[in-house]
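End of the sequence shown = 753 in the UniProt record's numbering, gap-free, step of one. Ideal Cβ positions, reconstructed from N, Cα and C, are used throughout, including at glycine. Computed from a predicted model, the values in this text were never measured in an experiment. Everything on this sheet refers to the single structure shown next.
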Amino acid sequence: MKKNPSAFAVPGEPAPQAEAAVTAEAKAMARKKKQLGLFDVQLVRPALWACVAKLDPRVQWRNPVMFIVYIGSILTTLLWVHALSFPGDTGMKPGFVLAIAVWLWFTVLFANFAEALAEGRSKAQAASLRGLRKDTWAKKLVEPYRGGKSFAAGPPQGERAPSGGSAAHAAASVGAWLPQRAPELRRGDVVLVEAHDVIPLDGEVIEGVASVDESAITGESAPVVRESGGDFSAVTGGTRVLSDWLVVRITVNPGESFLDRMIGMVEAAKRQKTPNEIALTILLVALTLVFLMVTVTLLPYSIFSVGAMKSGTVVSLTALVALLVCLIPTTIGGLLSAVGVAGMSRMMQANVIATSGRAVEAAGDVDVLLLDKTGTITLGNRQASAFLAAPGVQQQRLARIALLASLPDETPEGRSIVDLARRGGVDDKRVDGASFVPFTAQTRMSGVDLPAEPGSLDGQPLQLRKGAVDAVRRHVEAQGGVLPPELNRAADEVARRGSTPLAVAEGNRVLGIVELKDIVKPDIRERFAELRNMGIRTVMITGDNRLTAAAIAAEAGVDDFLAEATPEDKLALIRKYQSEGRLVAMTGDGTNDAPALAQADVAVAMGSGTQAAKEAGNMVDLDSNPTKLLEVVETGKALLMTRGSLTTFSIANDVAKYFAIIPAIFVSTYPQLSALNVMRLASPSSAILSAVIFNALVIVFLIPLALKGVRYRPVGAAVLLRRNLAIYGLGGLLVPFVGIKLIDWLLVAIHLV
Numbered sequence: 001m002k003k004n005p006s007a008f009a010v011p012g013e014p015a016p017q018a019e020a021a022v023t024a025e026a027k028a029m030a031r032k033k034k035q036l037g038l039f040d041v042q043l044v045r046p047a048l049w050a051c052v053a054k055l056d057p058r059v060q061w062r063n064p065v066m067f068i069v070y071i072g073s074i075l076t077t078l079l080w081v082h083a084l085s086f087p088g089d090t091g092m093k094p095g096f097v098l099a100i101a102v103w104l105w106f107t108v109l110f111a112n113f114a115e116a117l118a119e120g121r122s123k124a125q126a127a128s129l130r131g132l133r134k135d136t137w138a139k140k141l142v143e144p145y146r147g148g149k150s151f152a153a154g155p156p157q158g159e160r161a162p163s164g165g166s167a168a169h170a171a172a173s174v175g176a177w178l179p180q181r182a183p184e185l186r187r188g189d190v191v192l193v194e195a196h197d198v199i200p201l202d203g204e205v206i207e208g209v210a211s212v213d214e215s216a217i218t219g220e221s222a223p224v225v226r227e228s229g230g231d232f233s234a235v236t237g238g239t240r241v242l243s244d245w246l247v248v249r250i251t252v253n254p255g256e257s258f259l260d261r262m263i264g265m266v267e268a269a270k271r272q273k274t275p276n277e278i279a280l281t282i283l284l285v286a287l288t289l290v291f292l293m294v295t296v297t298l299l300p301y302s303i304f305s306v307g308a309m310k311s312g313t314v315v316s317l318t319a320l321v322a323l324l325v326c327l328i329p330t331t332i333g334g335l336l337s338a339v340g341v342a343g344m345s346r347m348m349q350a351n352v353i354a355t356s357g358r359a360v361e362a363a364g365d366v367d368v369l370l371l372d373k374t375g376t377i378t379l380g381n382r383q384a385s386a387f388l389a390a391p392g393v394q395q396q397r398l399a400r401i402a403l404l405a406s407l408p409d410e411t412p413e414g415r416s417i418v419d420l421a422r423r424g425g426v427d428d429k430r431v432d433g434a435s436f437v438p439f440t441a442q443t444r445m446s447g448v449d450l451p452a453e454p455g456s457l458d459g460q461p462l463q464l465r466k467g468a469v470d471a472v473r474r475h476v477e478a479q480g481g482v483l484p485p486e487l488n489r490a491a492d493e494v495a496r497r498g499s500t501p502l503a504v505a506e507g508n509r510v511l512g513i514v515e516l517k518d519i520v521k522p523d524i525r526e527r528f529a530e531l532r533n534m535g536i537r538t539v540m541i542t543g544d545n546r547l548t549a550a551a552i553a554a555e556a557g558v559d560d561f562l563a564e565a566t567p568e569d570k571l572a573l574i575r576k577y578q579s580e581g582r583l584v585a586m587t588g589d590g591t592n593d594a595p596a597l598a599q600a601d602v603a604v605a606m607g608s609g610t611q612a613a614k615e616a617g618n619m620v621d622l623d624s625n626p627t628k629l630l631e632v633v634e635t636g637k638a639l640l641m642t643r644g645s646l647t648t649f650s651i652a653n654d655v656a657k658y659f660a661i662i663p664a665i666f667v668s669t670y671p672q673l674s675a676l677n678v679m680r681l682a683s684p685s686s687a688i689l690s691a692v693i694f695n696a697l698v699i700v701f702l703i704p705l706a707l708k709g710v711r712y713r714p715v716g717a718a719v720l721l722r723r724n725l726a727i728y729g730l731g732g733l734l735v736p737f738v739g740i741k742l743i744d745w746l747l748v749a750i751h752l753v
């Protein structure tokens with residue numbers, strides 16, 4: 001039956017025929033979020049205004065290094081005004097003092113611009129997400145939801161019943177509802193969401209199965225299935241149901257939704273400094289204070305020298321300010337904040353939301369990775385391939401019992417067993433009065449309890465079970481049965497082939513083995529070898545038995561594995577590594593993963609996972625790709641490498657400025673210092689101005705590196721250190737000599753000095 005669009009029209013909500021336009025708009029926003037160029041006009045224009053607004057002293061003092069430059073800019077500006085008013089007092093030409101003042105202001109502005117550009121990228125991402133947040137209407141159930149309520153008596157006065165197709169089914173299942181705005185909903189409310197409806201807030205599906213378009217959040221056009229139970233029951237506010245219906249229990253209050261948290265996470269203004277960033281800031285402040293004290297002592301030393309030598313001129317305050325600004329680490333000081341903001345932005349571009357810069361930075365320090373086998377190391381499409389019956393048991397009987405025991409198992413493996421049995425012609429007719437036992441991570445079994453047969457001596461129901469071999473063994477032994485040696489050998493042989501054996505039992509008798517096959521990803525071994533070169537230990541976690549786990553681990557090349565893992569085992573393993581001083585990262589998507597995710601130093605929750613997993617993790621992967629953990633680690637290491645490289649360059653390039661400015665300001669008193677003028681700069685004023693100009697321009701040239709990051713290479717720490725010193729250390733020494741000399745030539749050529 002075709003649904004009537006007008007029957008569901010709610011004020012402020014688009015009609016179903018507008019769904020394509022709304023979805024296209026959401027996809028366009030997602031593409032726009034990812035396609036903004038480094039110097040896109042949409043980013044540069046507001047950044048130019050922001051860099052001027054950041055001249056507010058209340059903003060500047062937060063960056064101690066640049067605050068010194070800020071004070072120096074003000075001081076040289078006042079010195080220029082004084083030089084205009086009293087030309088003979090300063091001994092410096094007003095034009096030269098003005099030039100120094102202008103370039104010092106440019107130094108501050110360029111640093112502000114780098115930070116504003118990084119923040120602008122994050123704000124643009126937040127703006128695109130904010131555009132997805134709509135004041136939607138919801139169909140809130142009138143009474144506390146209990147399930148199974150019908151419309152037999154009709155809806156109460158003022159209420160409307162859904163009509164047509166799946167809506168009629170929904171009405172018969174959930175009962176009466178009233179329209180209510182999404183901002184008025186609260187945690188615990190239950191809503192009905194039908195085809196073409198926007199899910200009002202984050203929640204858990206408690207009834208129904210539906211196809212959901214999450215492209216507005218993930219950027220992926222393929223719809224996903226959301227259903228009650230399991231690890232795919234979480235739904236996100238702002239996504240749209242494409243077909244069927246869902247009953248959703250709201251799990252957040254307005255302003256606390258996943259979309260709201262995403263916006264808050266990417267807002268640069270809310271970014272807190274990380275421990276490493278704080279430590280580096282303290283180091284830079286210490287260096288700045290040292291250079292400040294040295295520079296302050298140069299004025300009385302110059303006065304004493306001129307008096308003692310009876311020659312030369314006292315060094316000017318303008319020259320001392322220029323010297324101080326050029327010697328303190330202004331390059332990294334101006335780019336430090338931009339590097340941190342850009343790190344979170346790069347995570348966002350990879351469709352990973354980090355709760356803080358600390359999570360991104362911790363990813364770079366990780367030295368143990370806990371990886372689920374299925375979907376990460378293997379392709380994840382483990383399927384039933386064969387039924388191996390015990391001696392004296394017909395294969396059709398084994399397949400029939402395996403099918404019945406797998407009916408309540410909603411995992412892909414359980415469904416594949418049902419499909420294999422049906423393809424073999426097995427009767428899938430259900431038994432009346434059967435009681436299903438769902439699969440859980442603790443029992444690692446599923447099954448069905450059949451009513452006792454007439455004439456049964458004990459009158460107990462017949463228990464059919466399917467699950468991990470050791471779990472089924474314990475089950476049958478508890479009932480007085482045993483696992484036949486032939487089946488034990490068959491399970492070992494299946495495990496040695498790298499497949500997964502599952503045992504099938506009827507009462508206290510094991511009927512046979514089901515073989516599940518999985519395929520290791522073709523490039524995963526090389527990825528693990530790269531991680532090993534970086535000093536990162538990889539540990540595979542699986543619920544399979546040890547033989548199966550050992551076979552897969554050997555094929556994939558992981559360093560260690562944890563077999564037959566329960567949620568408690570994962571938590572204990574993480575604590576063990578942390579007690580050894582290691583930083584641990586892991587991924588998860590289920591409620592049973594939440595304790596381990598909360599314990600891990602870097603916890604990446606899948607966007608398709610449960611709300612509990614998302615709240616426990618400090619990162620959320622919108623693509624729900626378990627392999628993304630490797631990219632998260634690489635991004636974190638790239639952030640640390642970028643910060644280290646810029647720090648090395650910033651400190652190293654002070655050497656050239658020393659050779660430029662020190663001879664220039666003291667050569668009139670000590671002519672012998674002209675030997676230090678290795679760049680053969682034209683004049684003292686040209687040397688000072690060239691150094692100040694280079695000091696400002698180098699910030700601009702390094703902005704792309706700060707925002708894009710140093711290219712990550714999976715090599716060891718020693719190799720990285722040598723590469724860093726060779727490129728950014730040696731480069732930091734040589735580039736300023738060339739740059740200052742070129743600027744000096746240009747200043748002489750245009751007769752500015």
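{"Check": "Ordered along the chain, which non-local residues of its own chain (more than five positions away) have a Cβ less than 6 angstroms from that of Gly433?", "Outcome": "Pro451"}
{"Check": "Cutting at 7 angstroms between CB atoms, please list the residues of its own chain near Ala563, excluding the five before and the five after it.", "Outcome": "Thr542, Asp544, Asn545, Arg546 and Ala549"}
{"Check": "Could you spell out the range, first to last residue, of the alpha helix (DSSP H) harbouring Asp470?", "Outcome": "Val469 to Ala478"}
{"Check": "Starting from Met534, trace the alpha helix (DSSP H) in both directions and tell me its first and last residue.", "Outcome": "It is not in any alpha helix (DSSP H) - Met534 carries neither H nor E in the DSSP assignment."}
{"Check": "What number of angstroms, rounded off, separates the C-alpha of Leu639 from the C-alpha of Asp56?", "Outcome": "28 angstroms"}
{"Check": "Where does the unbroken alpha helix (DSSP H) through Gly447 begin, and where does it stop?", "Outcome": "No alpha helix (DSSP H) holds Gly447; the beta strand (DSSP E) holding it covers Met445 to Leu450."}
{"Check": "Counting pairs of beta carbons, one from the segment 637-652 and one from the segment 708-722, are three or more of them closer than 8 angstroms?", "Outcome": "yes"}
{"Check": "For Ala505, write down the residues that DSSP places opposite it in a beta bridge.", "Outcome": "Arg465 and Val510"}
{"Check": "Quick one: residues in its chain with C-beta nearer than 6 angstroms to the C-beta of Lys657, no 5 flanking neighbours on either side, listed in chain order?", "Outcome": "Cys326 and Ala691"}
{"Check": "Counting beta carbon pairs with one atom in the segment 102-120 and one in the segment 694-706, are three or more of them shorter than 8 angstroms?", "Outcome": "yes"}
{"Check": "Which one or two residues does DSSP pair with Pro179 in a beta bridge?", "Outcome": "Lys139"}
{"Check": "Roughly how many angstroms lie between the CA atoms of Ile332 and Ser650, to the nearest whole one?", "Outcome": "6 angstroms"}
{"Check": "Measuring CA to CA, which of Arg240, Leu185 and Phe439 is closest to Asp197?", "Outcome": "Arg240"}
{"Check": "List the residues that DSSP assigns as beta-bridge partners of Phe387.", "Outcome": "Val514"}
{"Check": "Closest by CA to Met619, which one among Asp654, Phe439 and Ala359?", "Outcome": "Ala359"}
{"Check": "Ala694 to Asn351, Cα distance in whole Å?", "Outcome": "Note that residue 694 is Phe in the sequence shown here, rather than Ala. Cα to Cα, the separation comes out at about 37 angstroms."}
{"Check": "With a threshold of 8 angstroms on Cβ separation, who are the neighbours of Val366 within its own chain once the five nearest residues in sequence on each side are excluded?", "Outcome": "Ile536, Leu583, Val584, Ala585, Asp601, Val602, Val633 and Gly636"}
{"Check": "With DSSP as the reference, label Val235 as helix, strand or coil.", "Outcome": "strand"}
{"Check": "For Arg711, does the three-state DSSP call read helix, strand or coil?", "Outcome": "coil"}
{"Check": "Check this for me: beta carbons of Asp589 and Met606, under 7 angstroms apart or not?", "Outcome": "yes"}
{"Check": "When the Cβ atoms of the segment 661-677 are set against those of the segment 721-741, are three or more pairs found closer than 8 angstroms?", "Outcome": "no"}
{"Check": "Find out if the Cβ-Cβ distance for the pair Ser257, Leu298 is shorter than 7 angstroms.", "Outcome": "no"}
{"Check": "If you compare alpha carbons, which of Arg415, Ser85, His82 and Arg444 is closest to residue 796?", "Outcome": "What the structure shows of the chain is the stretch from 1 to 753, and residue 796 is not part of that stretch, so it cannot be assessed."}
{"Check": "Going by CA-CA distance only, name the one from Leu287, Ile662, Gly237 and Arg400 that's closest to Leu323.", "Outcome": "Ile662"}
{"Check": "Roughly how many whole angstroms lie between the Cα atoms of Tyr70 and Ser243?", "Outcome": "59 angstroms"}
{"Check": "Look up Arg240 in the DSSP assignment and say whether it is helix, strand or coil.", "Outcome": "strand"}
{"Check": "So, helix, strand or coil for Ala328, using DSSP?", "Outcome": "A small correction: the amino acid at residue 328 is Ile; Ala does not occupy that position in the sequence shown. Correct three-state label for Ile328: coil."}
{"Check": "Hey, out of Arg346, Arg497 and Val510, whose CA is closest to Ala468's CA?", "Outcome": "Val510"}
{"Check": "Counting C-beta neighbours from all protein chains within 10 Å, is the total for Ala354 16 or more, i.e. buried, or is it exposed?", "Outcome": "buried"}
{"Check": "Could you spell out the range, first to last residue, of the beta strand (DSSP E) harbouring Ala726?", "Outcome": "Where Ala726 is concerned, there is no enclosing beta strand (DSSP E), given that its DSSP letter is neither H nor E."}
{"Check": "Quick check: the Cα distance between residue 793 and Leu141, rounded to an integer number of angstroms?", "Outcome": "With the chain covering 1 to 753 only, the question about residue 793 has no answer from this structure."}
{"Check": "To which residues of the same chain is Val306 closer than 8 angstroms at the C-beta, ignoring the five residues directly before and after it?", "Outcome": "Gly312, Thr313, Val314 and Thr669"}
{"Check": "Taking 7 angstroms as the limit between beta carbons, can you name the residues of its chain near Ser416, skipping five residues before and five after?", "Outcome": "Gln383 and Ala384"}
{"Check": "Assign Met293 to buried or exposed, taking buried as 16 or more other Cβ atoms, counted over all protein chains shown, within 10 Å of its Cβ.", "Outcome": "exposed"}
{"Check": "Note down the Cα distance separating Ala390 from Phe436, rounded to an integer number of angstroms.", "Outcome": "25 angstroms"}
{"Check": "What residues are listed by DSSP as bridge partners for Gly203?", "Outcome": "Val235 and Ile250"}
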